[in-house]
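A.B. asks:
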Amino acid sequence: MDDNSFSKECSFDRIDTIMKSLQLVISIPTFIVGLILNLIALWVFYSWKKQTESSIYMINLALADLLLLFSLPFKMYYSRKEQQRLVCKFIEALYFVNMYGSIFIIVCISLDRYIAIRHPLKARAFRSPKQAIMVCCCIWVIVWLSSIPIYDFHNNEKVKCFHNMSEQAWDIPIILSVEVFGFLIPLTLMVYCSVQIIQTLWRRKNQEQKWAEQAASIWIILANLMVFVVSFTPFHLGIFLQFLVRQRIIVDCTVKKSISLFIQVAMCLANVNCCLDAICYYFATEEFRKKSISATPASALIELRKL
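Residue numbering for the sequence shown is 17 to 323, as defined by the working numbering.
#1: Spatial neighbours of Ser87 within its chain, please: CB distance less than 8 Å, with the 5 preceding and 5 following residues excluded, ordered by chain position.
#2: Going by DSSP, what residues sit across from Val175 in a beta bridge?
#3: Pop quiz: Ile158 and Ile121 are said to be a contact at Cβ under 8 Å. What is the actual Cβ separation, rounded to whole angstroms?
#4: Leaving out the 5 sequence neighbours to the left and right, which residues in its chain are closer than 6 Å to Val288 when beta-carbon positions are compared?
#5: On a Cα-Cα basis, can you pick out the residue from Gln280, Asp293 and Phe61 that is closest to Leu40?
#6: Hey, quick one: how far does the alpha helix (DSSP H) through Lys91 stretch, first residue to last?
#7: Any chance the CB of Ile188 is under 7 Å from a heavy atom of the ligand ADP?
#8: Three Cβ pairs or more, each shorter than 8 Å: is that satisfied between the stretch 210–217 and the stretch 265–272?
#9: Spatial neighbours of Ser23 within its chain, please: C-beta separation below 6 Å, excluding the five flanking residues on both sides.
#10: First and last residue of the alpha helix (DSSP H) that includes Gln147?
#11: Out of Leu285, Phe256 and Asp29, state which residue places its alpha-carbon closest to the alpha-carbon of Ile275.
#12: Which of the three DSSP states, helix, strand or coil, is assigned to Asp32?
#13: Could you round the C-beta distance between Ile191 and Phe259 to whole angstroms and report it? I think they count as a contact, below 8 Å.
#14: Could you give the first and the last residue of the continuous alpha helix (DSSP H) run that contains Cys209?
#15: Quick one, which of Ile166, Ser118 and Phe142 has its alpha-carbon nearest Ala294's?
#16: Going by C-alpha distance, which of His252, Leu51, Ala139 and Lys97 is nearest Phe197?
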C-alpha cells in the first residue's frame, strides 16, 4: 500500500530492508499458527450436528482468514521483486477481499449476538441458519465486486506487489469508501453492539445466572472488540496518512518514510487478527451457546441457548 517511487528525492531502501526482516518475524508465525487454529476451528464448527447461525458465521470467518493466510507467502515474495501486473492484481485482490470479508463477517457475528441477547423475544424473526447463509453469500458477493478497482491499481507491466500503486488507487472516492464502509461503519456497529450487550448483561447480574458466568461473557465481548480495534485501526489510519502523502499534503521526506514503515507494520498487525479470530470467536460461541443469559420467558431462553 505504500509507494516507494512517489518521491524521487526520498529513498525508501532502508524501510524496505527493515520490512524484509520484520515480515519474516511476524508473517511466518502468523501463517503457521493461523493456519492450524483456523483449520481446527473450521473442523469444529463444521462437525456440529446441527448448524446454527453462529456456526455458519464462524465457518465463513475461518474460510476468509484461511484464504488471507494463503495469500501471505505470495505477498511476502512478490512484494520484494518485480512481477507481472496480472499476478499482483490477483494476490492483492485475494488479500484485500478476505480482509474485508473477515471484517464484515465479524460485524455480522456481533449483530447476531446483539439481536439474540438484547431482543430475545424477537430473535426468531431475524435469526435462522438460512438467513445467516444468505447474509454470508451477500458478503462474499459484495467484497468480490468491490475488489474490481484493484485491477487498475498498477500501470506498469512489471511491478512490486502492494507497492507503486497508481494514482487511481488513491482517488478520493476509493479511499473514502474503504475508510467509511470498510472500517468506520463496521467499527461503529461493533462498538454499539458490544456496549448494548454489556449493559444488558450488567443489568441482569442479580438474576438467576451466576455473576461469574456473566462476567466471563462480558470479558469475551470486550476481548472481541479490542481485537477488532487493535487489528484494523492502525492499518486504516495508515491508509489515510498515505492518502495525505499522495495528495501532496504531507511532503516532508522523513514523515513519508515513517508513514511507509507504519502502514507496512500495520498490515502485518492486521494479519495477526487471523490467529486471534479463531481463539476469540471459538470461546465466544461456546460461552453463549451453552449459557442462558437472563431470566426471561421460556421461549427466549430457548433462543438464547442456540447461540
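Heads up, the beta-carbon is just placed ideally off N, CA and C, and yes, glycines get one too.
This structure is a prediction, so every number in the text was calculated from the model and none was measured.
C.D. replies: The answer reads as follows:
#1: Here residue 87 corresponds to residue number 71 of the sequence shown, with the count starting at 1. Around Ser87: Ile107, Leu110, Tyr111 and Asn114.
#2: Here the question's residue 175 lines up with position 159 in the sequence shown. Val175 pairs with Gln99.
#3: Your numbering for residue 158 matches position 142 in the sequence shown. Your numbering for residue 121 matches position 105 in the sequence shown. Rounded, the Cβ-Cβ distance is 11 Å, inconsistent with contact.
#4: Taking the sequence shown and counting its residues from 1, one reaches residue 288 at position 272. Thr46.
#5: In the sequence shown, counting from the first residue as 1, residue 40 sits at position 24. Checking every option, the nearest Cα to that of Leu40 belongs to Gln280.
#6: The residue labelled residue 91 in the question sits at position 75 within the sequence shown. From DSSP, the alpha helix (DSSP H) with Lys91 extends over Glu69 to Tyr94.
#7: As presented, the structure is devoid of all ligands, the ligand ADP included, so that no description of it is given.
#8: no
#9: What you label residue 23 is simply residue 7 of the sequence shown in a count that begins at 1. Note that Ser23 scores a pLDDT of 47, beneath 50, so its modelled location is shaky; the value from the coordinates is reported in the next line. Nothing listed; no residue qualifies.
#10: Counting from one through the sequence shown, the residue named residue 147 turns up at place 131. Annotation: the continuous alpha helix (DSSP H) that includes Gln147 extends over Pro145 to Ser162.
#11: Here residue 275 refers to the residue found at position 259 of the sequence shown. With distances taken between Cα atoms, Ile275 lies closest to Phe256.
#12: In the sequence shown, counting from the first residue as 1, residue 32 sits at position 16. In this structure, Asp32 counts as helix in the three-state DSSP scheme.
#13: For the purposes of this step, residue 191 is identified with residue 175 of the sequence shown, where counting begins at 1. For the purposes of this step, residue 259 is identified with residue 243 of the sequence shown, where counting begins at 1. Between Phe259 and Ile191 the Cβ distance is about 5 Å, and since that is below 8 Å, they are a contact.
#14: Position 193 of the sequence shown, counted from the start, is the residue given in the question as residue 209. Per DSSP, Cys209 belongs to the alpha helix (DSSP H) from Ile201 to Arg219.
#15: Translated into positions along the sequence shown, residue 294 becomes position 278. For Ala294, the nearest C-alpha among the options comes from Ser118.
#16: Counted from its first residue, the sequence shown places residue 197 at position 181. Nearest option by C-alpha distance: His252.
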